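J.: Quick one: this structure, given as structure tokens, is what I'll be asking you about.
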Amino acid sequence: MVMKKIPQRTCIVCGEKIDKKSLVRVVKNKEGEIFYDPTGKANGRGAYLCGNDECLEAVLKKNALNRAFKMEIDEAIKIKIVDDVKNAKK
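For the sequence shown, my numbering gives the first residue as 2, with consecutive numbering after it.
Here it is, written out as structure tokens:
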């Protein structure tokens, strides 16, 4: 019997490889909007975060999202993404 491969992704902040389902996905769509994707299925370029408090706070301090999406991201958008993720975890 062949074992099914579990998809792995890398956190853009800490660089840790984790199962895709355990990570939080942030998406940039064709219109250039950046948002938290709770379903993990939204169209667009995705970037993954661990979802732990250290990585979420580091998103605000480091330019990880800027690097992942190759564009300058407004601080208000970063704060909204972190708040959305924290609210979804509750």
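Every residue, glycine too, gets a C-beta built ideally from N, C-alpha and C.
In this text, all values refer to a predicted model and were calculated from it rather than measured experimentally.
Relative to the C-alpha of A77, which residue among N53, E34 and V14 is closest?
T.: Per the Cα distances, E34.
J.: Between L57 and L50, how many whole angstroms is the CB-CB distance? I'm expecting something under 8 Å.
T.: Contact holds; Cβ gap of about 7 Å.
J.: Buried or exposed: L61, going by 16 or more other Cβ atoms within 10 Å of its Cβ?
T.: Counting Cβ neighbours within 10 Å, L61 comes out exposed, since fewer than 16 surround it.
J.: Is V60 helix, strand or coil by DSSP?
T.: Of the three classes helix, strand and coil, the one that applies to V60 here is helix, per DSSP.
J.: Which two residues bound the contiguous alpha helix (DSSP H) that contains D20?
T.: Premise fails: D20 lies in the beta strand (DSSP E), K18 to D20, not in any alpha helix (DSSP H).
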